[in-house]
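In my numbering, the protein residues as written are 3 to 454.
Note that the Cβ used here is the ideal one computed from N, Cα and C, for glycine as well.
These notes concern the structure reproduced below.
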């Protein structure tokens, strides 16, 4: 028997919010193959900023030609072009009044405001550098992420005599709680919590109102460790989920209470195919939950269609599986995104989701298989993520590490592990056979020393 639970797409338009915040199921999926909304002939080389308002009007910064392109309700060609006195604009933000705030700091050292139905613009704030992120909160405060000054500043738009205030970072690059290193995208929720894509620190920082010490919510130093590589955009969903452009991993990921899940670009490799990205920069949702992303080094804007926004559960009689190959599987189409281990032995076969059976020696990474759930009561759809030891009837060496806190972990000599050295801040990924007592294991966002 199959029970289907459908969660409808709900758009939450909080007071004063001009951007789309669709409500997504934990099982939401996007088509892995994108369509190209605009290419380099339209948007120029290396587009960076994109914004979509609640009317589905799309705004993009064309850095090459120093202009803003506007599409009304996702039309196929731009309906308006703004191109006066802009030099390499990086980011932009559009308010509910259709005022466009745009970075003009690369050479002009300022933020400009354009009124969309007029041809006029005015200077708003001196910034002395590019704003790689712009945001206007519901109290009409303007935020700028100053990438080369390693801080975020806030300016009150209702008081033009006010001076910009530093709200994150010290002005010097660094990895501790009150420092940033080349910050990019920013987001302010309706509770005035500030989120920063702290790019060179490979983390997402959350700063509560009037606090300068941040909490790392995703990436290096977070409670649940997940590897980011130059994150450049952060969007907070209506349920508090975080959507992150992981630029140098060429993907977009989602962080929920159940963990971090890759949404698109999940091979982790750069490329120009419809399923690939190359150093994406900024993303935005339309009101239907589709993802638009500036694919910088492919000189295009890609649109990933939301295909599933519901959770499906299945029930069946309890089964058992015996195994030879150690595999790790990540749950698909369930309410949890967790990693589980399964072991196969001897001449066992595995049932495939698309039908039929396959011998364990013929399994490949990416195969979708049926496995038993954690509670032992349900058959669930899983995907093979890696195969640790696939050669039948042969021994292998296992390396067991014991930390000073008494934790142990065992890996084969072919497996990789994330470590940090005693005299270095940065992490590295090495073979388990290369680990020495000079390394520290990265565990739950902490660095734990090894003992003999």
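With respect to the C-alpha of residue 47, the residue from 84, 69, 31 having the closest C-alpha is 69. One thing to note: residue 192 has its Cβ no nearer than 8 Å to the Cβ of residue 259. Residue pairing by DSSP places residue 356 opposite no residue, since no beta bridge is assigned to it. Taking the Cβ atoms as the reference, residue 190 lies roughly 15 Å from residue 171, outside the contact range of under 8 Å.
Rounded to whole angstroms, the separation of the alpha carbons of residue 31 and residue 354 is 20 Å. Looking at the DSSP output, residue 221 bridges to 205. Bounds of the beta strand (DSSP E) holding residue 84 are 82-84. Beta-bridge analysis with DSSP links residue 103 to 95, 115.
Of the candidates 52, 20, 33, the residue whose Cα lies closest to the Cα of residue 294 is 52.
For residue 188, the enclosing beta strand (DSSP E) stretches over residues 185-190. Residue 367 counts as exposed, since fewer than 16 other beta carbons sit within 10 angstroms of its beta carbon. Taking the Cα positions, residue 122 is about 19 Å away from residue 73. In the displayed model, residue 364 falls within a helix according to three-state DSSP. Between the alpha carbons of residue 55 and residue 285 lies a gap of roughly 13 Å.
Scanning its chain for C-beta atoms nearer than 8 Å, with the 5 sequence neighbours on each side dropped, one finds around residue 89 the residues 68, 106, 108, 109, 110, in chain order. By the CB criterion at 8 Å, residue 40 and residue 303 fall inside the cutoff. Residue 239 sits away from residue 254, with the two beta carbons spaced by 8 Å or more.
Ranked by Cα distance from residue 402, the options 214, 437, 274, 161 are led by 437. Looking at the DSSP output, residue 65 sits in no beta bridge, so it has no partner there.
The C-alpha of residue 98 lies about 29 Å from the C-alpha of residue 28.
By the Cβ criterion, the region 218-229 is in contact with the region 197-208, since at least three pairs of Cβ atoms, one from each stretch, lie closer than 8 Å. Under a 10 Å Cβ-count criterion, residue 245 is classified as buried, with 16 or more other Cβ atoms of the shown protein chains found around its own Cβ.
According to the DSSP assignment, residue 307 belongs to no alpha helix (DSSP H), since it is labelled neither H nor E. Shortest Cα-Cα distance from residue 151 to any of 161, 135, 159 involves 135.
In the DSSP assignment, residue 383 forms a beta bridge with 372. In the displayed model, residue 435 falls within a helix according to three-state DSSP.
Rounded to whole angstroms, the gap between the alpha carbons of residue 173 and residue 132 is 14 Å. Within the same chain, Cβ atoms closer than 7 Å to the Cβ of residue 19 are found at 140, the five residues on either side in sequence being excluded. Within the region 16-61, complete beta strand (DSSP E) segments of at least 3 residues are found at 37-40, 52-54, given in chain order. Spatial neighbours of residue 130 in its own chain (CB-CB distance under 8 Å, excluding positions within 5 residues in sequence) are listed in chain order as 107, 111, 148, 151. A check of alpha carbon separations from residue 278 across 34, 25, 226 identifies 34 as the nearest.
In terms of Cα proximity to residue 233, the closest of 161, 201, 365, 37 is 201.
A straight line joining the alpha-carbon of residue 362 with that of residue 282 spans about 37 Å.
When DSSP states are grouped into helix, strand and coil, residue 299 belongs to the helix group. Selection 37, 60, 45, 49 evaluated against residue 289 yields 60 as nearest (Cα-Cα).
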